[in-house]
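Undergrad: Quick note on numbering: the sequence shown equals residues 44 to 155 in our numbering.
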Amino acid sequence: MSKTRSWKPVLTLFFLSPIVGELLSGSTPLPHFLNPLTLFFLTGLYGSGAIIVREAVKRWGKGWASVLLLGAAYGVLEEGVMVKSFFDPAWPDLGILGIYGRWLGVNWVWAE
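#1: Along the chain, where does the alpha helix (DSSP H) containing A133 start, and where does it finish?
#2: Ordered along the chain, which non-local residues of its own chain (more than five positions away) have a Cβ less than 6 Å from that of S109?
#3: Can you pull the DSSP bridge partners for V149?
#4: Check for me: the alpha helix (DSSP H) holding K101 runs from which residue to which?
#5: Where do the ends of the alpha helix (DSSP H) carrying W107 lie?
#6: Given L54, which residues of its chain have a CB within under 8 Å of its CB, disregarding the five upstream and five downstream residues?
#7: Return yes when the Cβ of I94 is within less than 8 Å of the Cβ of F57, no when it is not.
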């Protein structure tokens with residue numbers, strides 16, 4: 044027998060994750076967020092990460108602590124390694140703090 048699966052929660056998570064990650068945090072203004080290219084990129088980035096975390100936790104039978112840990116790990120991987128914001132001394136979000144807290148090539152102020 045095969046399990047039937049509802050795609051509604053998966054699609055909701057996929058499309059809701061960039062709204063929570065970018066709009067509610069104030070990181071991306073609404074007009075910029077509604078740009079189709081930006082929306083496509085952010086939905087793919089945040090949505091895929093949320094789906095990976097969801098599927099891993101569901102398959103492993105873990106709880107909310109695992110969701111938080113895997114989400115934090117994905118956040119570090121996405122921001123620090125893929126976007127390279129942890130390593131760029133001229134990262135625009137750092138502002139004046141870009142000259143402080145830099146050691147071994149890492150922006151520790153931003154990485155914390």
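Even glycine gets a Cβ: it sits at the ideal position worked out from N, Cα and C.
TA: The structure says:
#1: Taking the sequence shown and counting its residues from 1, the one referred to as residue 133 is at position 90. In the DSSP assignment, A133 falls outside any alpha helix (DSSP H) and carries neither an H nor an E.
#2: Here residue 109 corresponds to residue number 66 of the sequence shown, with the count starting at 1. For S109, same chain residues with a beta-carbon under 6 Å away, outside a window of 5 residues either side, are V100 in chain order.
#3: On the sequence shown, position 106 is the one that residue 149 refers to. W146.
#4: The count along the sequence shown starts at 1 and reaches residue 101 at position 58. Taken as a continuous stretch (DSSP letters only), the alpha helix (DSSP H) holding K101 covers 79-103.
#5: Walking along the sequence shown from the start, residue 107 turns up at place 64. Taken as a continuous stretch (DSSP letters only), the alpha helix (DSSP H) holding W107 covers 107-119.
#6: The residue you call residue 54 lines up with position 11 of the sequence shown. So the list is empty, once near-sequence residues are dropped.
#7: Numbered from its first residue, the sequence shown carries residue 57 at position 14. Numbered from its first residue, the sequence shown carries residue 94 at position 51. Yes. Within cutoff.
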